[in-house]
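Under the UniProt record's numbering, residue 381 is the last one in the sequence shown; the count climbs by one each step, no gaps. All C-beta atoms in this analysis are idealised placements derived from N, C-alpha and C, irrespective of residue type, glycine included. Worksheet: the structure to be examined is printed underneath.
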Amino acid sequence: MSTAAPAPGSTATVRVSNIPASPIAAELLAFFDSAVTTAGAAFACEIAAAHRGWLSRGHGSVQFDSASAATHAIDLASSGRLPPFLGSCLSVSAAHADLLPRAPDLSLRAADASLILGNRVAERELEVAYSWDGVRAEVIPGKRRVDLYLKQDSRSYKLEVLFEDIRECFGCHLDGTGAILLQLAYAPRIYTAISGSTVKSRFTDDRFHACKEDAKFAWVRALDFTPNNSFGECSTLVLKLSKGVPVSEILESLPFSGELGELAISSMDAFGSSSNVVPLVDCPNGFSVPYEVLFRLNSLVHMGKLVARHVNADLFKVLEELSIDTLRRIFEKMSKLKSTCYEPLQFIRHEAHSMSMSKKALLSNKEGGKLMRCYRIHITP
């Protein structure tokens with residue numbers, strides 16, 4: 001079964017046919033760079049090869065800086081306004097995927113940004129565990145993800161944040177500068193760049209590949225590279241954009257939740273547990289609760305319904321006073337919240353009071369009215 005042709009503008013890459021046998025990829029890249037000048041420049045090129053890479057198949061792909069440039073190249077070719085390439089009239093059509101993962105438009109890229117990793121402890125307050133400068137961000141709606149490129153200890157890393165892993169996305173400000181807050185349900189995928197003679201990269205030094213950036217490396221999955229395994233203990237990323245970058249256009253391509261306004265930040269003193277494995281929170285000295293309570297608290301922290309910092313001695317003091325049945329009902333209700341509970345003490349006290357009042361009212365009805373409660377009555381003729 002044949003697949004449907006991609007719509008123009010869905011990617012920044014085009015398929016090119018009728019390529020002469022003699023030119024190399026760098027020449028084809030330079031041709032499109034000069035022929036399509038009004039909408040953007042060409043970025044990368046690949047010519048399909050046979051016989052172990054020394055014979056051209058006559059077709060390939062060219063990736064531009066933007067989807068609009070790719071659409072413009074298709075329009076030029078279809079209308080006969082694209083100049084011939086070494087005497088050959090090239091056929092240009094939309095491609096299903098880009099050669100290299102990039103944002104399809106310049107407005108969805110942010111360079112020289114700052115990335116902050118931490119936890120929200122209030123609606124407009126963030127505790128910072130780690131931060132990086134010189135970060136590059138690429139929003140790729142077609143792949144439903146955000147790619148973040150950064151350096152740590154002279155090594156290059158890439159973080160992939162999937163749209164479905166974003167619980168909430170807010171526009172905000174840090175010191176008057178536009179920023180984007182991502183509240184995550186799961187940690188981002190971490191990759192590191194490796195290169196060398198034994199590494200097979202997407203773009204190698206041969207005649208049928210060309211790219212304006214260094215692409216002679218491969219991304220491989222990596223472990224948490226931050227001190228104290230910060231990615232495993234934090235659920236919030238804040239991307240502080242450089243001045244002049246339009247935040248609104250980026251937010252339009254993300255699962256946007258709303259505006260937060262000015263965000264207050266502070267340093268994170270310590271994490272909830274010194275253990276390298278779960279649980280994230282432990283029972284403080286001098287307190288004792290059933291294992292089920294501790295398990296459910298850690299589950300709520302993992303689900304993003306509670307902040308580890310708020311699971312403290314004051315909270316355990318209240319928990320010790322309540323029955324396990326009451327706590328089960330409260331934790332179940334808390335797990336169904338659509339956002340993080342930043343006032344767990346107030347929430348638990350309110351729910352416990354409501355349950356106590358409901359129980360008293362039920363006992364009063366049973367003792368005073370002596371009525372039997374029925375779910376449904378069937379009346380027969």
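Point to revise | Exposure of M357, with buried meaning 16 or more beta-carbon neighbours within 10 Å | key: The count along the sequence shown starts at 1 and reaches residue 357 at position 357. M357 is exposed by the Cβ-count criterion.
Point to revise | Nearest-angstrom Cα separation, counted from P344 out to G272 | key: As a position in the sequence shown, residue 272 is number 272, starting the count at 1. As a position in the sequence shown, residue 344 is number 344, starting the count at 1. In this predicted model, G272 has a pLDDT of only 48, less than 50, meaning its place in the structure is not dependable; the value taken from the coordinates is given anyway. Roughly 16 Å separates the two Cα atoms.
**Study point:** Given P23 as reference, the closest of L174, D206, H96 once Cα atoms are compared
**Key:** Counting from 1 along the sequence shown, the entry for residue 23 is found at position 23. Out of L174, D206, H96, D206 has the C-alpha closest to the C-alpha of P23.
Check your understanding: Per DSSP, residue 382 is paired with what?
Key -> For the chain, the structure presents residues 1 to 381; residue 382 sits outside this window and is missing.
Exercise for review: Would you kindly report the start and end of the unbroken alpha helix (DSSP H) that includes Y291?
Suggested key: To locate residue 291, count along the sequence shown from 1; it is residue 291. Its alpha helix (DSSP H) spans residues 291–302.
Check your understanding: Cβ of C234 within 8 Å of Cβ of N312?
Key -> If you number the sequence shown from 1, residue 234 lands on position 234. If you number the sequence shown from 1, residue 312 lands on position 312. Result no, Cβ atoms of C234 and N312 do not sit closer than 8 Å.
Point to revise | Contact under 8 Å by Cβ, V281 with L263 | key: Stepping through the sequence shown from its first residue, residue 281 is reached at position 281. Stepping through the sequence shown from its first residue, residue 263 is reached at position 263. Their beta carbons are not under 8 Å apart, which means V281 does not touch L263 by this criterion.
Point to revise | Buried or exposed (CB count within 10 angstroms, at least 16 for buried), Y291 | key: Residue mapping note: residue 291 aligns to position 291 of the sequence shown, counting from 1. The residue in question, Y291, is exposed, as its Cβ has fewer than 16 Cβ neighbours within 10 Å.
Exercise for review: Could you check if A42 is buried or exposed, using at least 16 other CB atoms within 10 Å of its CB as the buried criterion?
Suggested key: Indexing the sequence shown from 1 puts residue 42 at position 42. The residue in question, A42, is buried, as its Cβ has 16 or more Cβ neighbours within 10 Å.
Practice item. Please classify I19: is it buried, with 16 or more other beta-carbons within 10 angstroms of its beta-carbon, or exposed? Key: Stepping through the sequence shown from its first residue, residue 19 is reached at position 19. I19 should be labelled buried.
Check your understanding: What first and last residue would you give for the alpha helix (DSSP H) that runs through S61?
Key -> In the sequence shown, residue 61 corresponds to position 61, counting from 1. That residue, S61, is in no alpha helix (DSSP H); its beta strand (DSSP E) goes 55–64.
Review point. Count the other CB atoms within 10 Å of the CB of A122; is the residue buried (16 or more) or exposed (fewer)?
Key: Counting from 1 along the sequence shown, the entry for residue 122 is found at position 122. Burial call: exposed.
Check your understanding: Does DSSP put T71 in a helix, in a strand, or in coil?
Key -> Translated into positions along the sequence shown, residue 71 becomes position 71. Three-state result, T71: helix.
Review point. For G87, which three-state DSSP category applies?
Key: Within the sequence shown, residue 87 is the residue found at index 87, counting from 1. If DSSP states are grouped into helix, strand and coil, G87 belongs with coil.
Check your understanding: Based on the DSSP secondary-structure assignment, which residues constitute the bridge partners of L184?
Key -> Here the question's residue 184 lines up with position 184 in the sequence shown. The partner list for L184 (beta bridge, DSSP) reads I166.
Point to revise | Start-to-end residues for the alpha helix (DSSP H) that takes in I250 | key: For this step, residue 250 is matched to residue 250 along the sequence shown. That run of the alpha helix (DSSP H) goes 247–252.
Exercise for review: Find the nearest neighbour of R15 within the set A69, D325, H59, judged by alpha-carbon distance.
Suggested key: Indexing the sequence shown from 1 puts residue 15 at position 15. For the residues A69, D325, H59, the minimum Cα distance to R15 belongs to H59.
Exercise for review: Kindly indicate which three-state DSSP category S274 falls into: helix, strand or coil?
Suggested key: Numbered from its first residue, the sequence shown carries residue 274 at position 274. Residue confidence for S274 is low, a pLDDT of 49 falling below 50, so the modelled location carries little weight; the figure read from the coordinates is stated next. S274 falls in the coil class under three-state DSSP.
Check your understanding: Going by C-alpha distance, which of M303, T204, A12, N228 is nearest L165?
Key -> Here residue 165 is taken as the residue at index 165 of the sequence shown, counted from 1. The identity of residue 165 in the sequence shown is Asp, whereas the question assumes Leu. Of M303, T204, A12, N228, the residue nearest in Cα terms is M303.
Exercise for review: Would you check if the distance between the CB atom of T192 and the CB atom of V220 is smaller than 8 Å?
Suggested key: The sequence position of residue 192 within the sequence shown is 192, counting from 1. The sequence position of residue 220 within the sequence shown is 220, counting from 1. Contact flag set, yes.
**Study point:** Residues that DSSP places opposite D147 in a beta bridge
**Key:** Taking the first residue of the sequence shown as position 1, residue 147 is located at position 147. Beta-bridge pairing links D147 to E138, E160.
Exercise for review: Report buried or exposed for G87, applying the criterion of at least 16 other Cβ atoms within 10 angstroms of its Cβ.
Suggested key: Translated into positions along the sequence shown, residue 87 becomes position 87. The residue in question, G87, is exposed, as its Cβ has fewer than 16 Cβ neighbours within 10 Å.
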